[in-house]
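If you read the sequences in order, they're chains A and B. One rule links them: number in our numbering = place in the first sequence (from 1) + 553. One rule links them: number in our numbering = place in the second sequence (from 1) + 553. Take a look at the structure below.
Number of protein chains: 2
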Amino acid sequence: MTENHIIEMFLHPKSVAVIGASKNPLKGGYRIVTNLISNNFKGRVYLVNPNTEGELYKLKFHKSVLDIKEEVEIAIFYVPNHTIPELLKECIQKGIKGAIIEASGFEEVGEKGMVLKDRILDITQNFSRIRIVGPNCMGLSTIEGDSDTENKSGFFSGFGVFSKYKRGNIAIISQSGMLNGGYLMHEITQHPEMGLRYSCSIGNKMDIGEIEFMEYLIEDPTVNVIALYLESFKNPRKFIYLCNLVRKLPNKTIILVKGGLTPLGQKATLSHTGSLAEDANLIKAIIKQSGIIQANSFYEMFQYAQTFSMFYNSKKKLPKEGKAAFIAGSGGAGTITADLTMKYGLKFPEFSNETYKILIDVFPEWMPPNRFAFVDIWPAMEKAMMNKIKPDVIMKKVYEAVLNDPEIEGLFNMMFCSRQFKAMNDFEDIAKSVQATDKPIFFWLIGEAKEVKKTSNLLAKYNIPNFPSLEDMVKNFRVLFQESMNKQRK
Amino acid sequence: MTENHIIEMFLHPKSVAVIGASKNPLKGGYRIVTNLISNNFKGRVYLVNPNTEGELYKLKFHKSVLDIKEEVEIAIFYVPNHTIPELLKECIQKGIKGAIIEASGFEEVGEKGMVLKDRILDITQNFSRIRIVGPNCMGLSTIEGDSDTENKSGFFSGFGVFSKYKRGNIAIISQSGMLNGGYLMHEITQHPEMGLRYSCSIGNKMDIGEIEFMEYLIEDPTVNVIALYLESFKNPRKFIYLCNLVRKLPNKTIILVKGGLTPLGQKATLSHTGSLAEDANLIKAIIKQSGIIQANSFYEMFQYAQTFSMFYNSKKKLPKEGKAAFIAGSGGAGTITADLTMKYGLKFPEFSNETYKILIDVFPEWMPPNRFAFVDIWPAMEKAMMNKIKPDVIMKKVYEAVLNDPEIEGLFNMMFCSRQFKAMNDFEDIAKSVQATDKPIFFWLIGEAKEVKKTSNLLAKYNIPNFPSLEDMVKNFRVLFQESMNKQRK
């Protein structure tokens, strides 16, 4: 169903012309071409620059799109804003159907930019002759095959060159270019295990905006998580409608960061994407009616996206009542997590009698387990060591009991990662033994930085998320609970 | 003044006996000795274990403290709880003045533990014959010299062996042992630039508690930041009094994480440190009257501690009105930060006329700068490149103008760290040029993980903090603003 959608040609183009291609490695027009070629883009690529002769990456420069003999589906514009109207005319004449325009200097700069916009409206006959993504954007990215495999392939049309990435089920739609540039690079190098499918920088959305991309991504079966950064809603009614469609799908989640929630933020959006101030109450109402997950920052947005990504990959169940247990080797961590759990509207319930019996058995008499779902595991470890039982055996027993408890919908864990205490933590074993459950499992990893990194990578292989802070861990369970309520809402 | 305080012998002991010392590398009694020896503890060390013959690290085992010929100042107990009363008797007989007791199984386990406690009260004559830190704690740490220098030295009495650390101006007092164990290791390996002076695990605080340590640390000129994790207030009146003393000092800040703020958290504290539930309103009142910085989690506590540590190291001024500017290469980051700035009660003010004039000069005509204190630097960079001016030159000009603006009390920065755009970011140059100002400067670093790490280390050399999220950056400026109000309060 996605093949006939207007977005198909933008995310999976058969051929692209790079207008403003350059041989100068310092220029964006060089980087865009590099991004296409070095990432094995499967479509045809044509270089266009009236001032450049010769070749780049064995591709010939053309003076104009009109000099290209073959058919061209879309054009990527990396040229100054004032040259765009005339170049668009040539694209239309050539039969090019779509343009990605990266230049800024339109609505966001006031009157002069509006004049330019009017000319574009006129030339394109209100976008009926050619469709536009942007302007003031940083291009679109589609990841086809992981960068560290033979199948390495992607369509990267921004001017930040990507070299390491993993294909996955997350798609981004953003009015901030850096989410297809510097910040995306940040996230995927900090979290190399994070799998992405698309990143769409939509800029000022003069023509195409979040709605068209959402329509496409909702239909695309490779996408489970749609993360949006919006400074304005182009069509609130349609936005709510699409979000409510997603609410009824068992395998999709929408996460939104809304910029411009405060008067100061709105001042910033005006100069950024030319987004006019929206009424704060209207924004609240839109978000409420949409039934989506709201994030406060890019950091939260990516963390939530990764949590849902792993959740869908591992086919877990959403917690219907927000009831979690915590297994930890620190009473202090248990206390803080208990406080945070209440603060975020979640619960540590009482264990069932069956679970409690098993716990009593593995805990020493002088330090019985809690009746409520916080297991301070340390005394049980000590008892095991005194009885010459491997701590792993006890850990597995506790995990199994807690995960089988019908009162428990998900599990928090604290793990201490250290070469000093290696014997106590056979993570691979634990990860394997808990992956069969359909209850979400979250880890808080502490210890020596290197060991933490190693364990984090290992857990990711089993689609088990981990978090740098207890608050992040609790907040991420909260969004699963929230999504459960979203999906249940009529 | 600190020399005569009871805590002096606990943090700078001249001689210690390790009761429960062991030759078995898997035991805590082995690790404690290793921690002392491998970290060049300057005092004398005596090993005590009735069941062990021979030597460890060329130190002889003694059957009892009574067999030690020389004077012993304090004893570290790593033995089962029920053996403690008799061993304490011997310590008193030997003239040992203080004991650090790491075993658990006292107030926190109910009746049996209370019986044990009563025996200890009896034997010590209400701690008049020997003073006790703990029980249920993970020891005390004093860092004397950085681990990577010839002066490497410290007193580490916990059973997690420390090997990498940096001496600095932060002291921790904690009712969670992991803040002198696993989590401390986590923080100092994740942030090797963080400088610590002491970490004091006070456990159940049967005798000595937060009050005594606070008294000592307030007088200690090597400490600027006191970070506390408490599950109960031992003496609320005295706590408020000491906090109010600190409020009047220009070079000290207290940060508190309070565990057990909610009924669920209080259930956890009871089984952890035997802390009884405190009335939520009373806790609120204590914190309010104390005029300290409250943190929600260990993560926040360490981040705030590091921020204040660098703040005092670099002799900055607290922002009196919470007015910051933001220089960034992303309008989206500007928008989100503007929203967060308002949310946390801070301001991006209007620039003064002088600053605005300088900005107008470096910005292109088609994209003028904002009048309010968010500088979206990208267009100025583009203009510089078109005019063949090095971007660095423009950056410095903008920094200088903004930092000289009397309306601005602090600066947020976004920096993109990437080998691709190396030419644009000579951080060392920027870091040097901004370090002279007395206005706090915070960075948000994004980009390739390795480059981010490198830049983070570089900034730390100049005592410039950086944060992984925009929200963390804004929150940390907010606590400086809050501390300014604390210090101004009568």
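Here a beta-carbon is modelled for each residue, glycine too, at the ideal position from N, C-alpha and C. Here the structure is a predicted model, which means the values were calculated and not measured.
Below 8 Å on the Cβ atoms is my guess for residue i versus residue j; work out the distance and round it to an integer in Å.
i: Glu740/A; j: Met747/A; result: 7 Å
i: Gly812/A; j: Ile889/B; result: 6 Å
i: Asn797/B; j: Glu661/B; result: No, Asn797/B and Glu661/B are not in contact; Cβ-Cβ is about 31 Å, not under 8 Å.
i: Tyr583/B; j: Val625/B; result: Actually they are not in contact, since the Cβ atoms of Tyr583/B and Val625/B sit about 20 Å apart, beyond 8 Å.
i: Met767/A; j: Ile726/A; result: 7 Å
i: Ser710/A; j: Ile761/A; result: That belief does not hold up - the Cβ atoms of Ser710/A and Ile761/A are roughly 14 Å apart, past 8 Å.
i: Pro896/A; j: Gly875/A; result: According to the sequence as given, residue 896/A is Lys; it is not Pro. In fact, because the Cβ distance is near 12 Å, the residues do not count as touching under 8 Å.
i: Ile572/A; j: Leu640/A; result: 6 Å
Going by DSSP, which residues form a beta bridge with residue i?
i: Lys811/B; result: Leu783/B
i: Ala881/A; result: Asp929/A
i: Leu600/B; result: Val571/B, Phe614/B
i: Glu608/A; result: Lys613/A
i: Met968/B; result: Leu998/B
i: Thr695/B; result: Phe708/B, Tyr751/B
i: Gly651/B; result: Ile627/B, Arg684/B
i: Lys876/B; result: Lys900/B
So, helix, strand or coil for residue i, using DSSP?
i: Thr888/B; result: helix
i: Phe904/A; result: coil
i: Leu798/B; result: helix
i: Ser727/B; result: strand
i: Ile741/A; result: helix
i: Ile994/B; result: strand
i: Ala628/B; result: strand
i: Gly963/A; result: strand
i: Phe1020/B; result: strand
i: Gly582/A; result: helix
i: Ile673/A; result: helix
i: Thr826/A; result: helix
i: Ile846/A; result: strand
i: Arg1031/A; result: helix
i: Thr806/B; result: strand
i: Val946/B; result: helix
i: Asn722/B; result: strand
i: Val714/B; result: coil
Using a C-beta cutoff of 7 Å, does residue i count as contacting chain A?
i: Leu749/B; result: no
i: Glu1001/B; result: yes
i: Val955/B; result: no
i: His558/B; result: no
i: Trp919/B; result: yes
i: Val987/B; result: no
i: Ser591/B; result: no
i: Ala881/B; result: no
i: Gly607/B; result: no
i: Ala821/B; result: yes
i: Thr990/B; result: no
Closer than 7 Å, CB to CB, is residue i near chain B or not?
i: Ala891/A; result: yes
i: Ala656/A; result: no
i: Val571/A; result: no
i: Tyr583/A; result: no
i: Thr636/A; result: no
i: Met863/A; result: no
i: Glu1024/A; result: yes
i: Tyr852/A; result: yes
i: Asn797/A; result: no
How big is the Cα-Cα spacing for residue i and residue j?
i: Phe1030/B; j: Gln847/B; result: 14 Å
i: Glu643/B; j: Asn602/B; result: 13 Å
i: Leu829/A; j: Lys1007/B; result: 39 Å
i: Glu697/A; j: Tyr718/A; result: 10 Å
i: Asn777/A; j: Asn866/A; result: 9 Å
i: Arg682/A; j: Phe712/A; result: 26 Å
i: Ile621/B; j: Lys576/B; result: 19 Å
i: Ile836/A; j: Ala858/A; result: 22 Å
i: Leu956/B; j: Gly963/B; result: 8 Å
* Relative to chain E, which residues along the region 751-784 of chain A have a C-beta separation below 8 Å, given in chain order? -> In summary, chain E is missing from the structure at hand, where the protein chains are A and B.
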